[in-house]
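Participant: Dropping the structure in here first, questions after.
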Amino acid sequence: MTDALTAERAVPEPLLSAGAVYHDAARGGAIASARAFTAEFLATAPTVLPGPVALERVELAQLVVSELVTNAIRHTAGPCRLLLELGRDSLEISVFDQEAAAPVPRGHDPRRIGQHGVEIVVAVCENLTVEPAPEGKRVRARLSLLPDQADPATPADPRPR
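Position 68 of the sequence shown, counting from 1, maps to 68 under our numbering, and the rest follow consecutively.
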């Protein structure tokens, strides 16, 4: 008799995945391209999901992609790669770049202009991880695709009828 070890993926196999590489990201256009790529990718979700992804979730996904790609462009050299992986109720957004150092969220400072990207991603995503990659790092964010649930104690429409 032998003992056998089996391993399960921490994240189930994606239903759909796609990636894009931005070689000359510093010259502009990469962020807009990444946002458009994300919207187009999520528009294909009904081919593997019961229905379309809510517009609010598409816009949040575009925001997260924008922030992560912006960080890769501003703080690293070389190309960055965007990988989108669609699950049943979440979207894994990964940005690979050639810098080993992890992005660091800064403390709240209402006087600071800009540099809130990591804070935004942390606020809207279920989790954010930074993993070493062969030539740099992978910044991975998981965004729920489930619609926000309103607080049952708060009426949906507070206007009097």
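Cβ atoms here follow ideal geometry from the backbone N, Cα and C, with glycine treated the same way. Owing to the predicted nature of the structure, the values given are computational and were not obtained by experimental measurement.
Please tell me whether Tyr22 and Arg81 are closer than 9 Å, where the distance is taken between their beta carbons.
Facilitator: Against the sequence shown, residue 22 aligns to sequence position 22. Against the sequence shown, residue 81 aligns to sequence position 81. It is a contact, given that the beta carbons lie within the stated cut-off.
Participant: Report buried or exposed for Asn71, applying the criterion of at least 16 other Cβ atoms within 10 angstroms of its Cβ.
Facilitator: In the sequence shown, residue 71 corresponds to position 71, counting from 1. Residue environment for Asn71: buried (at least 16 other C-beta atoms within 10 angstroms of its C-beta).
Participant: Just list the beta strand (DSSP E) runs in the segment 48-108, keeping only unbroken ones of 3 residues or longer that don't cross its boundaries, in chain order.
Facilitator: Complete beta strand (DSSP E) runs here, min 3: 80-86, 90-97.
Participant: Measure the C-alpha to C-alpha separation of Pro14 and Glu85 and round it to an integer number of angstroms.
Facilitator: Counting from one through the sequence shown, the residue named residue 14 turns up at place 14. Counting from one through the sequence shown, the residue named residue 85 turns up at place 85. In a straight line, the C-alpha of Pro14 is about 5 Å away from that of Glu85.
Participant: Within this structure, are the beta carbons of Arg138 and Glu126 separated by less than 9 Å?
Facilitator: Working through the sequence shown from its first residue, we reach residue 138 at position 138. Working through the sequence shown from its first residue, we reach residue 126 at position 126. Cβ atoms of Arg138 and Glu126: not closer than 9 Å.
Participant: Quick one: Cα of Ala133 to Cα of Ile31, how far?
Facilitator: Your numbering for residue 133 matches position 133 in the sequence shown. Your numbering for residue 31 matches position 31 in the sequence shown. Their Cα atoms are separated by approximately 22 Å.
Participant: Is Leu16 helix, strand or coil by DSSP?
Facilitator: For the purposes of this step, residue 16 is taken as the residue at position 16 of the sequence shown. Secondary structure of Leu16 (DSSP, three-state): strand.
Participant: Just the Cα atoms here: how many angstroms apart are Leu145 and Ala102?
Facilitator: Taking the sequence shown and counting its residues from 1, one reaches residue 145 at position 145. Taking the sequence shown and counting its residues from 1, one reaches residue 102 at position 102. Taking the Cα positions, Leu145 is about 26 Å away from Ala102.
Participant: Following the continuous alpha helix (DSSP H) through Thr44, name the residue where it begins and the one where it ends.
Facilitator: Numbered from 1 along the sequence shown, position 44 holds the residue referred to as residue 44. Counting along the chain, Thr44 falls outside any alpha helix (DSSP H), and DSSP gives it neither H nor E.
Participant: Looking only at its own chain, which residues have a Cβ that is under 8 Å from the Cβ of Val20, when we skip the five neighbours before and after it?
Facilitator: The count along the sequence shown starts at 1 and reaches residue 20 at position 20. It should be pointed out that residue 20 corresponds to Ala in this sequence rather than to Val. Correct list, in chain order: Ser33, Ala34, Phe37, Arg81, Leu82.
Participant: With a threshold of 16 other CB atoms inside 10 Å of the CB of Arg74, please say whether the residue is buried or exposed.
Facilitator: For the purposes of this step, residue 74 is taken as the residue at position 74 of the sequence shown. Result: exposed.
Participant: Using a 10 Å radius around the Cβ and a threshold of 16 neighbouring Cβ atoms, would you call Glu56 buried or exposed?
Facilitator: Within the sequence shown, residue 56 is the residue found at index 56, counting from 1. Exposed: under 16 other Cβ atoms inside 10 Å.
Participant: Output needed for Val53: all residues of its chain with C-beta closer than 6 Å, excluding positions within five of it in sequence on either side, in chain order.
Facilitator: One-based indexing of the sequence shown puts residue 53 at position 53. Hits under 6 Å: Leu42, Ala45, Leu145.
Participant: Between Thr76 and Asp97, is the Cβ-Cβ spacing less than 9 Å?
Facilitator: Along the sequence shown, read from residue 1 onward, the residue named residue 76 stands at position 76. Along the sequence shown, read from residue 1 onward, the residue named residue 97 stands at position 97. It is a contact, given that the beta carbons lie within the stated cut-off.
Participant: CA-CA distance, Ala123 and Glu40?
Facilitator: Within the sequence shown, the letter at position 123 stands for residue 123. Within the sequence shown, the letter at position 40 stands for residue 40. Taking the straight line joining both Cα atoms gives about 24 Å.
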